[in-house]
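Protein sequence lines correspond, in order, to chains A and B. Each residue of the first sequence is one higher than the last, beginning at 824 in this note's numbering. Each residue of the second sequence is one higher than the last, beginning at 824 in this note's numbering.
2 protein chains.
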Amino acid sequence: MAEAEALNILGLRQALLAIERGECTALDIIEACFDRIEAREPEVGAWQLRLSREAYLQQYRQQQAAYEASPLKGLPVGIKDIIDTAAMPTEMGSSIHTGRQPVDDASCVAMLHDAGAITLGKTVTTEFAYFKPGKTANPRDLTRTPGGSSSGSAAAVADGMVPIALGSQTAASVIRPAAYCGAVGFVASRGELSLRGVQPLAQSLDSLGLFARRVEDIQLLHALLLRQAQPLSFEAEIKPRRIALCPGQRIGESSAEMNDALNQLAERLQAAGVDCVQVAEDGLLEQMVEHHQRIMAYEVARNLAYESRFPDQLSEPLSQLIDSGLGLEHRHYLDSLLAAQSGCEQLWSQLGEVDAILAPAAPSVAPLGQGKTGAPHMSRPWQAMGLPVITVPGMQDDAGLPLGVQLIGRARNDALLLQQALWLESLIAAR
Amino acid sequence: MAEAEALNILGLRQALLAIERGECTALDIIEACFDRIEAREPEVGAWQLRLSREAYLQQYRQQQAAYEASPLKGLPVGIKDIIDTAAMPTEMGSSIHTGRQPVDDASCVAMLHDAGAITLGKTVTTEFAYFKPGKTANPRDLTRTPGGSSSGSAAAVADGMVPIALGSQTAASVIRPAAYCGAVGFVASRGELSLRGVQPLAQSLDSLGLFARRVEDIQLLHALLLRQAQPLSFEAEIKPRRIALCPGQRIGESSAEMNDALNQLAERLQAAGVDCVQVAEDGLLEQMVEHHQRIMAYEVARNLAYESRFPDQLSEPLSQLIDSGLGLEHRHYLDSLLAAQSGCEQLWSQLGEVDAILAPAAPSVAPLGQGKTGAPHMSRPWQAMGLPVITVPGMQDDAGLPLGVQLIGRARNDALLLQQALWLESLIAAR
C-alpha cells in the first residue's frame, strides 16, 4: 500500500490504480492533498480561491456513489483563474473583476466534472494572463518566481497539492512555469481543445494548457477533453527516430547551465539511438519572437476593449501592450500572421523527417525574486506557429533547481507528441 | 429634413449625417425605431428580449451629453442572443439557459457601447446558432423563414427596427438570413474580430457577423470593432477588375430564379467593364461542403459538453450533430481541416488575378414555412476556408422577394472586400 504521507504526490493514474487495487481510497488522497495545502499554502500562495476541506468532503459525500463509479473518482483539480467556473468567481488576476462570478463552467471544466473530478479551487494567474505576477512563490525555492501566467496551477501541481490543473498559454504561460516549478506542462495545438469559457487574450495564439506530474496523466486529460470513448486506455510510449535540437541561442538569451543541460540530453538521446540534427542558424526563430509579440499586442488591444475603460486598474506593462497594439497598422499585423504561417512551413520543410524539436523550456532556472515571471521568448516561436508543446521536467542545475526542456510536435499531432514525451520522460528519469 | 415616418429606415451613416446637419435628433430616430417595433414586432418576432421605450429613453437621458458627443449618438443596436450582455440575459435559443445572465458584455458589445450605441435588445437566434428556429418570421413575407441562425438580427435590420445588429456565423448564419430578409450581412475573416464573450460553436469556423442596410454602415462597424483611430473616415468604393462567378450548382442545389439572377448580374458586371471568369467545375466546392460539416460536428460535440448533460432539452438535429461529432475519428476531422486549407489555396491559385468571387448567398428566395431555416450549403465552403463574405441585397424575383448574392474576398482582406461591395451595391441599385 502507498504510504499515507506520500499519497498527495501520486500521479493521477497512479492514484486511480491505487484506488482500484484497494491500496487506498479517493478520500485518503483528497485528505492528503488538503494536508499538503494546509502545510504549504501560506508560503506557496498557489490558490486565488479554494474549497475548504469540509466543503470538498461534503460535495464528495453528497454524490459519493457517482464519484466512485466515475473515471476520476472525485479527485481534485485546480483551475487557472482565467477559466470560468460557475461555482467560484473568476477574477483574471485583475481588480477590475474582483468577485466576478461567471454563470457557466468553461467546457473544459464541465468535461472534467463529467469525468468525476472536483474543482478544489482557482489557481493564481498573472493579470489577464499577461505579465503582472500574483502572490505565488516557486515551491522549489520560495525566493524565486514560479513563472507565469499559469503560476498557481504549476506551483500547486509541482508541490503536490493537486495531481492535475488547467492553464492557458498565449506566450509562455504554461511551458515556462512548468519548467521553473518542475511539473509537466502541455500546450495543445491551436484549435485542438475547446476554449469555450476560457477568457481570450489573443485568438491567434491562445491555447489550453494542462499540468500534471507525469506525462501519462496529460494523456488521460487530453483524451477526456476530446470526449474520447475510452479515455483510460493506455497510449504506449514511442521512441522518436530523429530529433531536431534547438539550442536556446537560436531563439534568444539562454544561460550556460541551460545550454549544458540541453547538450547533455542530446548525448543521452544519441546514446539511446536517436538521430539528432540541429535547427538551422538562419534567424528564423528570432524573427518569430518578433512576429508573436506583434500579433499578441494587436489582438490583446481588441479583446480587452472593456478593460481599457479602467486605465488606473491596469498594470504598466499591460497598458503599454494595449497602446502598442492600438498603434499597430493592420497590414503589419497581417504581415506577422502570414510570416508565422510561412515560418512554420519553412521550419518543418528544412527539418525533413524529424519527429519533434527539443529546446529549452525557459532561458534558465527560475530567476530570483517575484516581481517578474521570467522571460517568455523560448515559447513565442512555437506559440506563433500554433504547435503542440510539452515541458518535460527532470533535469536540474547543481543546486537542484529544475531546468525544464520542451518537446515541440507538428501541428495537430498532439497525441503522437505525448507518446514521444512519455519516452523522453523515461530517458530523463533513467540517469 | 428627412420625413418623420422614414427616420427608422435611414442607414446608420445617413442617420448620423442627418443628426449632424440638424435635420433630426437622435431621439427622433430612436422614437421612430420604437414606433416600428411596436407596429411590427407582434408579427415579425425579431426580439428575444428588449428594452421598453421608457427604459431606453431613461438610459439615453441619464448620459445624454456623453451620447451627443459620441460617434454613434445613442442610436440602437440589436445583439444576437448568442452574444453575452451584462444587462440582459443571453439564452442561446435553448431552454437549458433560460434566464442565463452573463456577468460581462462581449468585447464587441463593449466596443459598440464605448462608441455610443445602446443595446436595444437581444435578437432571436436558433438553438445554439444551429438549426432549430425561434419565433422570427421573414419581414418581407411573414409566411416564410427569415433564415438562421441570426434570424432576429437580420429581420430587425431588414424591417427598419434598428439600423445595425450583431450576429455570428459558423455555417450560413449571417449570409443566408441577410439574403432571405434583404439586408446587408457581413462575415469577417476567421480570427479578424474579437469573439470574446460570443458563445463558441466550432472554433475553426466561428466568425463575427454584422448586419446593416447599407454597406457603408458595415464599414463603420468594422472600423469600430478594430478600434481604429478614425472609424468615421470614409473608405471609397473600389471597382473590381476581375470577378470569378460561382454558379450555385458548383456548390449544390440552386433554384432557376437564383441562377437567372446571377447570370443577369454577370451581364451587368461585364457591361460595367468588369472581367468575369468562372470558378472551375472540378467538384472542389462540393467537397468543401462535406469537410465543413465534418469539422462542425466534431467541434460542436466538444464545445457543447455541458449541454450534453440535458439530452431532453436538445433538439433532434442538434443531438444528431453531437452524436455524429462524437463518432468521428480524430484523423478524419484532421483530414477535413487540412482539406479546407489546401482547398482554399487551390481555389485562389486557379483563379489567379481575381479580386473577389460572386455566388448566390442562398439557393433561392426564402422558403415557405417556419419549421426550418433553409439550406446552408452556399456558405459552407467559404466558412470552412475562413474567408470574409458579404451578402449584397437588391436583386429580387418576380414576386419581389429578395434574392441575395454574396461577394467573397481573400482571407484577412476584409476592408478591401467592403470597398468592392460598396461598388457592387451601387451597381445593383442602379438598374
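Cβ coordinates follow ideal geometry from the N, Cα and C atoms, glycine included.
> Which stretch, first to last residue, makes up the alpha helix (DSSP H) that contains A:Ser1165?
Replying inline: 1153 to 1174 is the extent of the alpha helix (DSSP H) around A:Ser1165.
>> Does chain A have any CB closer than 8 Å to the CB of B:Leu1239?
In response: Residue contact check for B:Leu1239 against chain A: no CB pair falls below 8 Å.
> Which residue spans inside the segment 991 to 1020 of chain B form an unbroken beta strand (DSSP E) run of at least 3?
Replying inline: Scanning the segment 991 to 1020 of chain B for uninterrupted beta strand (DSSP E) segments of 3 residues or longer gives 1007 to 1010, listed from N- to C-terminal end.
>> Taking only three categories from DSSP, how would you classify B:Val932?
In response: The three-state secondary structure of B:Val932, taken from DSSP, is helix.
> Given A:Ala1011, which residues of its chain have a CB within under 7 Å of its CB, disregarding the five upstream and five downstream residues?
Replying inline: The beta carbon of A:Ala1011 sits closer than 7 Å to those of Ser1030, Leu1031, Pro1211, Asp1237, all from its chain and outside the five residues before and after it, given in chain order.
> Which word fits A:Arg967, buried or exposed, when buried means at least 16 other C-beta atoms lie within 10 angstroms of its C-beta?
Replying inline: By the Cβ neighbour-count rule, A:Arg967 is buried, with 16 or more other Cβ atoms within 10 Å of its own.
> Hey, A:Val1228 and A:Leu1085: beta-carbon distance below 8 Å or not?
Replying inline: Note that the C-beta distance between A:Val1228 and A:Leu1085 is below 8 Å.
>> At a CB distance below 9 Å, what residues from the segment 937 to 952 of chain A approach chain B? Give them in sequence order.
In response: Within the segment 937 to 952 of chain A, the qualifying residues are Asp937.
>> Closer than 7 Å to a non-hydrogen atom of the ligand ADP - does that hold for the CB of A:Leu1141?
In response: Absence of the ligand ADP is noted for the structure shown, with no ligands found whatsoever.
> Leaving out five residues before and five after A:Val1112 in sequence, what residues of the same chain have Cβ atoms less than 7 Å from its Cβ?
Replying inline: Closer than 7 Å at Cβ, skipping near neighbours: Ile1074, Gly1075, His1200, Arg1203, Pro1204.
> If you measure beta-carbon to beta-carbon, which residues of the segment 1009 to 1034 of chain A are closer than 8 Å to chain B?
Replying inline: Residues passing the 8 Å Cβ filter: Gly1014, Leu1016, Ser1017, Leu1018, Arg1019, Gln1022, Pro1023, Gln1026, Ser1027.
> What are the uninterrupted segments assigned as beta strand (DSSP E) that are 3 or more residues long and contained completely in the segment 1056 to 1141 of chain B, given in chain order?
Replying inline: For the segment 1056 to 1141 of chain B, whole beta strand (DSSP E) runs of length 3 or above, ordered along the chain, are 1065 to 1068, 1098 to 1101.
> From B:Leu895 to B:Gly1175, what does the alpha carbon distance come to, in whole angstroms?
Replying inline: Each residue's CA atom was taken as its position, placing B:Leu895 and B:Gly1175 some 40 Å apart.
> Counting Cβ pairs closer than 8 Å, one from the segment 934 to 954 of chain A and one from the segment 868 to 876 of chain A, do we hit at least three?
Replying inline: Contact holds: three or more Cβ-Cβ distances are below 8 Å.
> Alpha carbon to alpha carbon, how far is A:Gly1194 from A:Lys955?
Replying inline: Roughly 8 Å between the two C-alpha positions.
>> Contact criterion: CB-CB distance below 8 Å. Does B:Asn1086 meet it with respect to chain A?
In response: Taking CB atoms only, B:Asn1086 has no neighbour in chain A less than 8 Å away.
> Which of helix, strand or coil does DSSP assign to A:Pro1225?
Replying inline: In this structure, A:Pro1225 counts as strand in the three-state DSSP scheme.
> Quick one: Cα of B:Tyr883 to Cα of B:Ala838, how far?
Replying inline: So the alpha carbons of these two residues sit roughly 17 Å apart.
> In the DSSP assignment, what residue or residues form a beta bridge with B:Leu1230?
Replying inline: Paired residue(s): B:Leu1181, B:Ile1213.
> Leaving out the 5 sequence neighbours to the left and right, which residues in its chain are closer than 7 Å to B:Arg1235 when beta-carbon positions are compared?
Replying inline: By the criterion of a C-beta distance shorter than 7 Å, B:Arg1235 is surrounded in its chain by Ser1012, Glu1015, once the five residues flanking it on both sides are discounted.
>> Against B:Leu1049, what residues of chain A qualify as contacts under a CB-to-CB distance less than 9 Å, listed in chain order?
In response: Residues of chain A whose Cβ lies closer than 9 Å to the Cβ of B:Leu1049 are, in chain order, Arg1125, His1153.
> For the segment 863 to 881 of chain A, which residues have a beta carbon sitting closer than 8 Å to at least one beta carbon of chain B?
Replying inline: For the segment 863 to 881 of chain A, which is checked against every Cβ of chain B, not one residue is closer than 8 Å.
>> Taking its Cβ as the centre, do 16 or more other Cβ atoms sit within 10 Å of B:Arg1154, making it buried, or is it exposed?
In response: Its Cβ having fewer than 16 others within 10 Å, B:Arg1154 is exposed.
>> According to DSSP, simplified to helix, strand and coil, what is B:Leu1033?
In response: In the structure shown, B:Leu1033 sits in a strand (DSSP, three-state: E or B).
> Under a CB-based cut-off of 8 Å, is B:Tyr1129 close to chain A?
Replying inline: Chain A places a beta carbon closer than 8 Å to that of B:Tyr1129, counting this residue as a contact.
> Hey, B:Leu835 and B:Leu898: beta-carbon distance below 8 Å or not?
Replying inline: B:Leu835 places its beta carbon less than 8 Å from that of B:Leu898.
> Can you tell me whether DSSP reads B:Met824 as helix, strand or coil?
Replying inline: Model confidence at B:Met824 stands at a pLDDT of 41, short of 50, so the residue's coordinates are unreliable and nothing is read from them.
> In the structure shown, what three-state DSSP assignment does B:Asn961 receive?
Replying inline: Residue state, collapsed to three classes: strand.
> Count the other CB atoms within 10 Å of the CB of B:Phe1057; is the residue buried (16 or more) or exposed (fewer)?
Replying inline: Exposed, by the Cβ-count rule.
> From B:Thr993, B:Asp1098, B:Leu1191, pick the residue whose C-alpha is nearest to that of B:Val1021; which is it?
Replying inline: Of the candidates B:Thr993, B:Asp1098, B:Leu1191, the residue whose Cα lies closest to the Cα of B:Val1021 is B:Thr993.
> Is DSSP giving B:Pro1204 helix, strand or coil here?
Replying inline: The DSSP-derived three-state label of B:Pro1204 is helix.
>> Strictly below 9 Å CB to CB, what residues from chain B border A:Pro899?
In response: Within 9 Å Cβ-Cβ: nothing; A:Pro899 doesn't reach chain B, min ~20 Å.
>> Quick check: the segment 1023 to 1042 of chain A against the segment 1109 to 1123 of chain A, are at least 3 beta-carbon pairs closer than 8 Å?
In response: Touching, yes, given that three or more Cβ pairs across the two stretches are closer than 8 Å.
> Of the residues B:Leu1048, B:Val900, B:Ser875, which one's Cα is nearest the Cα of B:Ser976?
Replying inline: Considering only alpha carbons, the answer is B:Val900.
> Which residues in chain B sit within 7 Å of A:Met934, going by Cβ to Cβ distance?
Replying inline: Correct list: Ala1128.
> So, helix, strand or coil for A:Arg923, using DSSP?
Replying inline: Three-state DSSP puts A:Arg923 in coil, outside helix and strand.
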